[in-house]
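Numbering (this note's numbering), first residue to last: 5 to 152.
Okay, so here's the structure we're looking at.
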């Protein structure tokens with residue numbers, strides 16, 4: 005009799021609703037674009053871009069337009085990032101933090117072609133597993149922003 009009463013009490017608590025009906029474990033959720041983890045992930049995406057581009061100059065993130073994060077054996081960041089060409093040449097690689105963005109006037113002096121490639125819009129998916137200190141760039145797609 006006692007066991008039956010205990011099991012019926014347990015049945016009452018078998019279904020616990022999530023704290024918020026729109027948030028589900030494992031689903032991507034929006035995150036503030038100024039979040040330090042978001043900024044770090046964006047920088048890793050930019051490193052990938054710089055390592056794979058043939059441009060003479062380094063690019064740097066100028067604006068993180070949208071950010072989402074998903075908890076999957078670490079943190080998977082999904083980012084829409086605007087990147088711009090800096091005055092730093094790849095061969096003189098220094099910290100991106102000290103690289104200033106090129107201005108239109110500077111671009112015209114370098115080459116007319118650079119005017120068209122001065123800004124890129126990128127989508128990065130960056131998976132960070134803090135306990136292993138590993139970063140994987142899952143997706144890095146960029147295209148030129150031809151808007152004036």
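For each residue, glycine too, the CB sits at the ideal point set by N, CA and C.
For residue 39 and residue 97, the gap between their C-alpha atoms comes out near 26 Å. Taken in chain order, the unbroken stretches of beta strand (DSSP E) that lie wholly in the stretch 66-140 and span 3 residues or more are 79-93 and 123-133. For residue 58, no alpha helix (DSSP H) encloses it, and the DSSP letter there is neither H nor E. A check of alpha carbon separations from residue 104 across 54, 65, 59 and 129 identifies 65 as the nearest. With 16 or more other Cβ atoms from the protein chains shown falling within 10 Å of its own Cβ, residue 61 counts as buried.
Around the beta-carbon of residue 87, 16 or more other beta-carbon atoms lie within 10 Å, marking it buried. The Cβ-Cβ distance between residue 76 and residue 30 falls below 8 Å.
Residue state for residue 32 is assigned as coil, using DSSP reduced to three classes. For the pair residue 50 and residue 63, the CB atoms are nearer than the 8 Å cut-off.
Distances from the alpha-carbon of residue 56 to those of 37, 94, 132 and 102 put 94 closest. Under DSSP, residue 63 shares a beta bridge with 89. Going by C-alpha positions, residue 128 is about 15 Å away from residue 34.
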